[in-house]
Amino acid sequence: MVINKALLPAVALATIMMIIIMARPSVQESVNITNQVTQKILIVHCRSKDDDLGAHAVAVGASIHWSFGPNLSGNTRFRCKLAVQDRRISFVAYKESIVTFRDWVVRDDGVYVKLYDSPAFLKAAWTRPVI
Numbered sequence: 000m001v002i003n004k005a006l007l008p009a010v011a012l013a014t015i016m017m018i019i020i021m022a023r024p025s026v027q028e029s030v031n032i033t034n035q036v037t038q039k040i041l042i043v044h045c046r047s048k049d050d051d052l053g054a055h056a057v058a059v060g061a062s063i064h065w066s067f068g069p070n071l072s073g074n075t076r077f078r079c080k081l082a083v084q085d086r087r088i089s090f091v092a093y094k095e096s097i098v099t100f101r102d103w104v105v106r107d108d109g110v111y112v113k114l115y116d117s118p119a120f121l122k123a124a125w126t127r128p129v130i
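One point on numbering: in numbering that gives the first Met the number 0, the residue at position 92 of the sequence shown is 91, and numbering is uninterrupted.
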């Protein structure tokens with residue numbers, strides 16, 4: 000059998016990628032956004048580089064929830080835009096890292112993040128569009 004030495008780097012890279020793919024567990028991540036804005040419908044539009052989840056109207060007390068598998072390069076990120084009447088917020092709802100925020104609560108003064116069983120804390124305040 001004759002091996003083309005010029006192909007060795009490509010074969011080595013392909014072998015390493017296969018090992019990484021096979022060694023990485025198939026993890027499902029999830030994000031939850033709950034509307035606690037007083038008597039207002041919340042419009043939520045989230046997207047990643049690969050997926051656009053579309054715009055959703057979330058009633059008071061209701062949530063939007065989605066699950067996904069992170070990409071192999073470890074840089075999955077979902078950015079969300081929220082709107083209530085004339086107020087707007089844009090924030091990163093999921094970014095693959097050691098500590099990843101996944102549970103969000105939207106209130107009258109902004110977006111709060113919940114970590115485990117601790118109280119939620121304000122992460123982003125509402126802005127008003129420039130007229």
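For glycine and all other residues, C-beta sits at the position ideal for the given N, C-alpha and C.
Here the region 69 to 77 lies against the region 41 to 53, with 3 or more beta-carbon pairs under 8 Å apart. Residue environment analysis places asparagine 3 among the exposed positions, since fewer than 16 neighbouring C-beta atoms fall within 10 angstroms of its C-beta. Beta-bridge partners assigned by DSSP to aspartate 102: Asn31 and Lys113.
The Cβ atoms of alanine 58 and isoleucine 42 do not sit closer than 7 Å to each other.
Within the same chain, Glu95 come within 7 Å of asparagine 74 by CB-CB distance, once the 5 residues on both sides are set aside.
The beta carbons of valine 30 and arginine 101 sit closer together than 7 Å. By the neighbour-count definition (other C-beta atoms within 10 Å, threshold 16), alanine 5 is an exposed residue. Within the model, the alpha-carbon separation for alanine 82 versus alanine 124 is close to 12 Å. Inclusion of tyrosine 115 and valine 104 in the CB contact set at 7 Å is not warranted, their separation being larger than that value.
Residue Arg87 holds the alpha-carbon nearest to the alpha-carbon of isoleucine 40 among Arg87, Lys122 and Pro118. Closest in C-alpha terms to valine 91, from the list Pro8, Lys122 and Asp108, comes Lys122.
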